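Asks: Would you mind keeping the following structure in view while I ask a few things?
In the numbering used here, the protein residues as written are 51 to 273.
See the structure below:
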């Protein structure tokens with residue numbers, strides 16, 4: 051028989067950015083279920099989806115307090131995919147209110163920022179430093195460079211369709227980027243626009259932003 055839970059609303063119709071701050075202040079948890087279901091938490095009448103996430107306490111202090119019992123605390127997060135508004139509810143209580151030291155991790159806010167900067171072509175090391183400035187993080191609170199590298203690599207390959215050859219080509223384009231220091235006889239590369247680093251914006255290979263680079267040869271022909 052499926053257990054029935056009594057849910058207590060923590061927040062309702064909250065902006066996603068504010069809900070992220072709220073969730074970061076919770077005791078540690080894991081997401082045990084995440085799926086799209088028909089939305090029933092907003093006032094829109096047209097059919098659309100809501101992201102349903104089920105959370106479960108993963109606190110070591112709660113586990114130590116009741117080593118033979120299942121964790122009682124559960125969380126439920128509903129994110130409307132149309133309005134980007136969030137409703138959070140919880141069921142049960144934590145076995146102890148003592149908080150273990152927080153380990154550095156990539157929170158939802160940091161992931162959103164990382165995706166935005168990766169789309170603009172920034173490298174993981176620079177993205178990590180940008181996280182510290184943007185959100186006022188100390189060195190202890192910041193995710194490790196390896197965490198950022200793994201996340202950005204996964205995102206760019208899966209979403210932006212980049213691979214190792216893409217990065218090598220970008221490095222070559224950067225080295226040959228046209229500028230005041232380029233002589234009249236030196237080969238150079240240029241694009242139709244420039245990115246945040248003032249380098250040629252060559253796109254990412256998607257239909258919306260195709261990969262494009264132009265480089266004149268010594269005889270004046272374009273490649």
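All C-beta atoms, glycine included, are put in the ideal place defined by N, C-alpha and C.
Because the structure is a prediction, the values reported are computed rather than measured.
Excluding five sequence neighbours on each side, which residues of the same chain lie with their C-beta closer than 8 angstroms to the C-beta of residue 155?
Replies: Here residue 155 refers to the residue found at position 105 when the chain shown is read from its first residue. Here the set comprises 193 and 197.
Asks: State buried or exposed for residue 264, treating a residue as buried only when at least 16 other CB atoms are found within 10 Å of its CB.
Replies: Here residue 264 refers to the residue found at position 214 when the chain shown is read from its first residue. Any reading at residue 264 must be qualified, since the residue scores a pLDDT of 48, below 50, and its modelled position is unreliable; the value itself is stated next. Residue 264 comes out exposed.
Asks: Where does the unbroken alpha helix (DSSP H) through residue 161 begin, and where does it stop?
Replies: Here residue 161 refers to the residue found at position 111 of the chain shown. Here the alpha helix (DSSP H) through residue 161 covers 158 to 169.
Asks: For the region 73 to 85 and the region 105 to 115, state whether three or more C-beta atom pairs, one from each stretch, are separated by less than 8 angstroms.
Replies: Enough Cβ pairs lie closer than 8 angstroms, so yes.
Asks: Just the C-alpha distance for residue 137 and residue 170, rounded to the nearest angstrom, thanks.
Replies: Taking the first residue of the chain shown as 1, we reach residue 137 at position 87. Taking the first residue of the chain shown as 1, we reach residue 170 at position 120. Residue 137 and residue 170: Cα-Cα distance of roughly 31 angstroms.
Asks: Would residue 91 pass as a contact of residue 130 if the rule is Cβ separation under 8 angstroms?
Replies: Here the question's residue 91 lines up with position 41 in the chain shown. Here the question's residue 130 lines up with position 80 in the chain shown. Yes; because the gap between Cβ atoms is below 8 angstroms, this pair is in contact.
Asks: To the nearest angstrom, how far is it from the Cα of residue 203 to the Cα of residue 175?
Replies: Numbered from 1 along the chain shown, position 153 holds the residue referred to as residue 203. Numbered from 1 along the chain shown, position 125 holds the residue referred to as residue 175. Straight-line Cα distance between these residues: approximately 12 angstroms.
Asks: Between the beta-carbon of residue 161 and the beta-carbon of residue 57, is there less than 8 angstroms?
Replies: Numbered from 1 along the chain shown, position 111 holds the residue referred to as residue 161. Numbered from 1 along the chain shown, position 7 holds the residue referred to as residue 57. Not a contact, by the Cβ cut-off of 8 angstroms.
Asks: Within this structure, are the beta carbons of residue 84 and residue 70 separated by less than 8 angstroms?
Replies: Locating residue 84 in the chain shown gives position 34, where the first residue counts as 1. Locating residue 70 in the chain shown gives position 20, where the first residue counts as 1. Contact flag unset, no.
Asks: By how many angstroms is the C-alpha of residue 172 removed from the C-alpha of residue 183?
Replies: Working through the chain shown from its first residue, we reach residue 183 at position 133. Working through the chain shown from its first residue, we reach residue 172 at position 122. About 15 angstroms.
Asks: Candidates 185, 181 and 157: which alpha carbon is nearest residue 167's?
Replies: As a first step, residue 167 must be located in the chain shown, where it is residue number 117. The option with the nearest alpha carbon to residue 167 is 181.
Asks: Any idea if residue 206 is buried or exposed, counting beta-carbon neighbours within 10 angstroms, 16 or more meaning buried?
Replies: In the chain shown, residue 206 corresponds to position 156, counting from 1. Residue 206 comes out buried.
Asks: Per DSSP, what kind of secondary structure is residue 55 in: helix, strand or coil?
Replies: Locating residue 55 in the chain shown gives position 5, counting from the first residue. Note: residue 55 maps to coil in three-state DSSP.
Asks: Starting from the N-terminal side, write out each stretch of the alpha helix (DSSP H) that is 4 residues or longer and does not extend beyond the region 89 to 129.
Replies: Those alpha helix (DSSP H) runs which fall completely within the region 89 to 129 and span 4+ residues are 110 to 115.
Asks: Let me check understanding here. Comparing Cα to Cα, which of 149, 200 and 94 lies closest to residue 132?
Replies: Reading the chain shown from its first residue, position 82 is the one you call residue 132. Taking only the C-alpha atoms, the option nearest residue 132 is 94.
Asks: Can you tell me where the alpha helix (DSSP H) with residue 149 in it begins and where it stops?
Replies: Here residue 149 refers to the residue found at position 99 of the chain shown. Per DSSP, residue 149 belongs to no alpha helix (DSSP H) and is neither H nor E.
Asks: Please list the terminal residues of the continuous alpha helix (DSSP H) segment that includes residue 202.
Replies: Locating residue 202 in the chain shown gives position 152, where the first residue counts as 1. 195 to 208 is the span of the alpha helix (DSSP H), which, as asked, contains residue 202.
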